[in-house]
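Going by this note's numbering, 160 is the number at position 160 of the sequence shown; the sequence numbering is gapless. Data first, discussion second: the structure below is written as structure tokens.
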Amino acid sequence: MKREELGKSIYDVAHITGEFLLRSGKISNEYFDKYKFESIPEILGPIADHMKDLVPKGTEILAGLEMGGIPLSSAISLKTGMPTIFVRKKAKEYGTRKLAEGSDFSGKNICVIEDVVTTGGQIIESVKELRNLGAIIDSVLCVIVREEKAFENLESAGLKLIPLFDMEELKQLA
């Protein structure tokens, strides 16, 4: 699927209208339901096809952030043959008590995978914890970046943000 067609498909599936309470407490008459595009194989597959080419050279492991980054990192892993880890927002308080499940990642070059990035705050927190566990991380791939501020925020944390689309482009492709 061509990139422009993919962008239109993502927007058509995920953009919904109605009345929605946002995390900020505001009410909006439109919403972007990111899980819609991640749950459809005919869209997830082409997303992985395009994102695999954006994975920086030297990457050894992909890291899908809970929750939306996990199906994406799995799909990209299948396309690249790279292992992936699954990163929780917070380490479990029982069982293995791990922050991340999957391959051993200490001392490895990791590329973080996320679905939609607005400010990058959660990414910065997760990367900080992974770095404390020995991960080497300098890049983040996402399907969609919503705000330009995300680039600056992530850069200040030593991270390069590499989006497949920005929200404005998706709106134009719709």
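Note that CB positions come from ideal geometry on N, CA and C, so glycine has one too.
- Between Phe86 and Gly64, the CB-CB gap stays under 8 Å.
- According to DSSP, Tyr31 shares a beta bridge with Ile16.
- A direct Cα-Cα distance of roughly 15 Å separates Lys108 from Lys128.
- Here DSSP, grouped into helix, strand and coil, assigns Thr118 to coil.
- According to DSSP, Leu141 shares a beta bridge with Ile113 and Ile162.
- A check of alpha carbon separations from Lys52 across Val112, Ala91, Lys8 and Gly95 identifies Val112 as the nearest.
- Between the segment 141–154 and the segment 90–110 there are fewer than three inter-stretch CB-CB distances shorter than 8 Å, so the stretches are not counted as touching.
- Within the same chain, Glu147, Lys149, Ala150 and Asn153 come within 8 Å of Thr119 by CB-CB distance, once the 5 residues on both sides are set aside.
- Closest in alpha carbon position to Lys57, among Tyr11, Met82, Arg131 and Gly134, is Met82.
- By the C-beta criterion, the segment 159–173 is judged to be in contact with the segment 1–18, since at least 3 inter-stretch pairs fall below 8 Å.
- Here the alpha carbon of Ile47 sits roughly 7 Å from the alpha carbon of Leu6.
- With contacts defined as CB atoms closer than 8 Å, Ile110 and Leu130 qualify as a contacting pair.
- If you draw a straight line from the Cα of Arg88 to the Cα of Leu62, it comes to about 14 Å.
- Just measuring C-alpha positions, the residue of Ile16, Phe20 and Arg3 sitting nearest Lys36 is Ile16.
- It is roughly 21 Å from the alpha-carbon of Asp115 to the alpha-carbon of Ser28.
- In the DSSP assignment, Ile70 falls within the unbroken alpha helix (DSSP H) covering Gly69 to Thr80.
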